[in-house]
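Take the sequence shown: its position 28, counting from 1, is numbered 29 in the working numbering, and each next residue is one higher.
We put the CB at the ideal spot given by N, CA and C, even for glycine.
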Amino acid sequence: MAENIARVFADAVATDPTRPLLTWYDDATGERTELSGTTLANWVAKTANLLVDELAVGPDDSAGVLLPPHWQTAAVLLGCWSAGLTVADAPGPVEVLFAAADRVGEAPAWPANERYALALAPFAMPLREVPPGFVDYVVEVRTHGDHFTPVPTGGPTERELLTRARARAGEFGLTAGDRVLVDAARYADPVDWLLAPMTANATVVLCGNLDESRLANRQESEKTTKTLP
């Protein structure tokens, strides 16, 4: 059993690189973004290459991630884990900080050598105005390579995360081939919306600002097999 998040992700992609591994909805903007395993892996590789090639960080280094459930958050988290970074779970010094534009004010609690802001806008559009002291993640990450060889072993934190994720997958009754609808507002922990489905080899329909009146139609159109309770 893989104890490395990058390996679990690679296995999920390998099942069928063309299947929609993560589909993101934002009912506030009308956005729908579908990422196949190949497409998400491309974003993950670019993020890992940004970390390793540009910032020279890796195992024993840490990242702060102040981001809500979102497809770009998945790319950032998986990129960090692929590069061997520990994603910090509490404020403190980190080597690199990723923050949503509306959370950059929290940066003083996360002293970092490098800081990236994310607009989380439809079509991965860049920020209209980059906050002082930050650079735009989507602008910087696009210039990096599409392939990355992950760090071969995960640390204790990754093993703990995977243990929690498998337990949650069991609680949710997730099995291989499931297509799971997740309300981002109710399941903000990436163990729930990202890692638990991945460990079960399920795919995800992640819904931000979910309009309950659209739920039944979405379950039908996306052919979901489960909705997290």
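Item	Value
Unbroken alpha helix (DSSP H) run spanning residue 164, endpoints	157 to 173
Other residues of its chain near residue 212: CB distance less than 7 Å, five sequence neighbours each side excluded	28
Neighbour-count burial assignment, residue 71, 16 or more Cβ in a 10 Å radius	buried
Supposed close pair residue 15, residue 22 - CB separation, criterion 8 Å	Contact flag wrong, Cβ pair sits at about 11 Å.
Cutoff 8 Å: residue 146 Cβ touching any chain B Cβ	Reference to chain B is not applicable here, since this structure consists of a single protein chain.
Neighbour-count burial assignment, residue 172, 16 or more Cβ in a 10 Å radius	exposed
Residue 130, buried or exposed, once every other Cβ within 10 Å from all chains shown has been counted against 16	exposed
Which of helix, strand or coil DSSP assigns to residue 106	helix
Burial state of residue 50, where buried means 16 or more other Cβ atoms lie within 10 Å	buried
Alpha-carbon spacing of residue 89 relative to residue 95, whole angstroms	8 Å
Per DSSP, cross-strand counterpart(s) of residue 113	95
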